[in-house]
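Notes follow the structure.
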Amino acid sequence: MNSTTSGNITFDTVVLWPYTPSAPASLASMVVFGLLTLAHLVLIFTFRAWGFIPLVIGGVGESFGYYFWFRASSSIRGAGNFLFQLLLLLISPVLISASVYVSLEHMRRSVLGREAHVRNCCKKASTPFVLVDIVSMATQFYGAISQTSTDDPSAPRRGMIVLIIGLAMQQSMLLIFGFLVLRLRANPETTDNHRPYLDNLVAVACCIWVRNLVRALEFLQVGGGFISQHQEFVFATDALPIALAMLLLALRFPGRLEAAERKRHKIISGSLEELELRAQTDY
């Protein structure tokens, strides 16, 4: 990478890390997210749940984010490792959230049935969530890039404000998502088979919400606050909640219920066709 110089500060020599990243913790996080991503990849192909592809991309992003942490454990000089990990660890949870939002459609199709789902226009329920997620991802991308600016002294603060706005948008949508999941749980057509999956989605949303809250508090502490000065917070309130969210989704994969609904629908359709053929033959 070529150096870009601003005064006496260069992109390759500037120190942005407030500590030396832990190599064992970074490596462990990288492996955990790699395994969880692989598990979701298997589930996606097994149950043909293509809506969870963003989650896999997010899992890969998390794994590579901690890879750059691991690289920085040997040298904290240079903005490259810091910038890449910041981008990946900020944006990856947004992609994971997108798949969580889409899972609401999977659950509604399973609870209400395909015909009722289309009739009640539930298919478009996740669209506002995904659109806000895209805007949130763009704001956090801009905010992360601004943190490493050496040309404009006001850029980091401006980027921090934009980044917090993106996190606040994501927090609001997670709360609305949780409300909609609980409303579906209270639906008379929801069975005891569906409720554990819906409870699981609420738990997943809570994990991501807690992670976003701590991240927002971190950026609100201007000038290097307590959270940003201690890497333990990254592993305890960022890596752990997101890994737990991915684990919970793997244990109660929403695509499993929709696959069962597709199979049931296929059996019913086949039976009806067979009855029609018999009726025509008898006639």
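The sequence shown finishes on residue 296 if you use the numbering used here, and the numbering steps up by one all the way, no holes. Cβ atoms here follow ideal geometry from the backbone N, Cα and C, with glycine treated the same way.
Assign Q242 to buried or exposed, taking buried as 16 or more other Cβ atoms, counted over all protein chains shown, within 10 Å of its Cβ. Translated into positions along the sequence shown, residue 242 becomes position 229. Exposed: under 16 other Cβ atoms inside 10 Å.
Cβ-Cβ distance between L261 and A229 below 7 angstroms: By one-based count along the sequence shown, residue 261 stands at place 248. By one-based count along the sequence shown, residue 229 stands at place 216. Taking 7 angstroms as the cut-off, the beta carbon of L261 is found no closer than this to the beta carbon of A229.
Determine contact between the segment 191-202 and the segment 243-255, defined as no fewer than three beta-carbon pairs at a distance below 8 angstroms. no
D212 lies in the alpha helix (DSSP H); which residues open and close that run? Here residue 212 refers to the residue found at position 199 when the sequence shown is read from its first residue. It spans R208 to L233 - the alpha helix (DSSP H) in which D212 sits, taken as one unbroken run.
Going by DSSP, what residue range makes up the alpha helix (DSSP H) through F239? One-based indexing of the sequence shown puts residue 239 at position 226. Here F239 belongs to no alpha helix (DSSP H), and DSSP marks it neither H nor E.
Is L108 closer than 7 angstroms to P67 when the C-beta atoms are compared? In the sequence shown, residue 67 corresponds to position 54, counting from 1. In the sequence shown, residue 108 corresponds to position 95, counting from 1. Taking a C-beta distance under 7 angstroms as the contact criterion, P67 and L108 qualify as a contact pair.
Just verifying my parser: in three-state terms, what is the DSSP assignment at R90? Start at 1 with the first residue of the sequence shown, and residue 90 comes out as number 77. Reduced to three states, the DSSP call for R90 is strand.
Length of the line joining the Cα atoms of L226 and A218: The count along the sequence shown starts at 1 and reaches residue 226 at position 213. The count along the sequence shown starts at 1 and reaches residue 218 at position 205. When rounded, the distance between both Cα atoms is 12 angstroms.
Just to confirm, are G268 and H119 a CB contact at a threshold of 7 angstroms? Within the sequence shown, residue 268 is the residue found at index 255, counting from 1. Within the sequence shown, residue 119 is the residue found at index 106, counting from 1. Yes, these two residues count as a Cβ contact at 7 angstroms.
Express the C-alpha separation of L264 and V124 in angstroms, rounding to a whole number. Taking the sequence shown and counting its residues from 1, the one referred to as residue 124 is at position 111. Taking the sequence shown and counting its residues from 1, the one referred to as residue 264 is at position 251. Rounded to whole angstroms, V124 to L264 spans 19 angstroms at the Cα level.
What does the Cβ neighbour count give for A249, buried or exposed, with the cut at 16 atoms within 10 Å? Taking the first residue of the sequence shown as position 1, residue 249 is located at position 236. Here A249 is exposed: its Cβ has fewer than 16 other Cβ atoms, across all protein chains shown, within 10 Å.
Kindly indicate the opening and closing residues of the alpha helix (DSSP H) around L29. Reading the sequence shown from its first residue, position 16 is the one you call residue 29. Here L29 belongs to no alpha helix (DSSP H), and DSSP marks it neither H nor E.
Put S139 into one of helix, strand or coil per three-state DSSP. Taking the sequence shown and counting its residues from 1, one reaches residue 139 at position 126. Note: S139 maps to coil in three-state DSSP.
Measuring CB atoms only, is the segment 95-115 touching the segment 137-146, in the sense that at least three cross pairs come out at less than 8 angstroms? yes
Mapping the DSSP letters down to three states, classify D251 as helix, strand or coil. For the purposes of this step, residue 251 is taken as the residue at position 238 of the sequence shown. Residue state, collapsed to three classes: helix.
What's the call for G237, buried or exposed, on a 16-neighbour Cβ count within 10 Å? Residue mapping note: residue 237 aligns to position 224 of the sequence shown, counting from 1. G237 is exposed by the Cβ-count criterion.
Alpha carbons only, please: which of A252, L49 and I89 is nearest the one belonging to A38? Mapped onto the sequence shown, residue 38 falls at position 25. Closest option to A38, Cα to Cα, is A252.
Considering only the beta carbon of each residue, do R208 and R196 sit closer than 7 angstroms? Here residue 208 refers to the residue found at position 195 when the sequence shown is read from its first residue. Here residue 196 refers to the residue found at position 183 when the sequence shown is read from its first residue. The answer is no: Cβ separation not under 7 angstroms.
Any Cβ of chain B within less than 7 angstroms of the Cβ of E75? Judged by its chain identifiers, the structure shown contains no chain B, having just a single protein chain.
Buried or exposed: C134, going by 16 or more other Cβ atoms within 10 Å of its Cβ? Taking the sequence shown and counting its residues from 1, one reaches residue 134 at position 121. With a pLDDT of 48 at C134, under the threshold of 50, the predicted position of this residue should be treated as unreliable, though the coordinate-derived value follows. Exposed, by the Cβ-count rule.
To the nearest angstrom, how far is the alpha carbon of L99 from that of E202? Mapped onto the sequence shown, residue 99 falls at position 86. Mapped onto the sequence shown, residue 202 falls at position 189. Computed Cα separation, rounded: 44 angstroms.
Measuring CB to CB, does W222 end up less than 7 angstroms from L176? As a first step, residue 222 must be located in the sequence shown, where it is residue number 209. As a first step, residue 176 must be located in the sequence shown, where it is residue number 163. Result no, Cβ atoms of W222 and L176 do not sit closer than 7 angstroms.
Where does S42 sit, in a helix, a strand or coil, going by DSSP? If you number the sequence shown from 1, residue 42 lands on position 29. S42: helix per DSSP, three-state reduction.
In chain order, what residues of the same chain lie with their CB nearer than 7 angstroms to the CB of P106, ignoring the 5 residues before and after it? On the sequence shown, position 93 is the one that residue 106 refers to. Only G71, I221, R224 and I255 meet the Cβ criterion.
If we call anything under 7 angstroms between Cβ atoms a contact, is S86 one with F46? Sequence index remark: in the sequence shown, residue 86 carries index 73 (1-based). Sequence index remark: in the sequence shown, residue 46 carries index 33 (1-based). For S86 and F46, no; Cβs fall outside 7 angstroms.
Where do the ends of the alpha helix (DSSP H) carrying R84 lie? Start at 1 with the first residue of the sequence shown, and residue 84 comes out as number 71. Unbroken alpha helix (DSSP H) run through R84: I66 to A85.
Tell me the DSSP secondary structure of A272 in three-state form. Locating residue 272 in the sequence shown gives position 259, where the first residue counts as 1. Reduced to three states, the DSSP call for A272 is helix.
Cβ-Cβ separation, A272 to F60 (assumed contact under 8 angstroms), whole Å: Taking the sequence shown and counting its residues from 1, the one referred to as residue 60 is at position 47. Taking the sequence shown and counting its residues from 1, the one referred to as residue 272 is at position 259. F60 to A272, Cβ: 4 angstroms. Contact.
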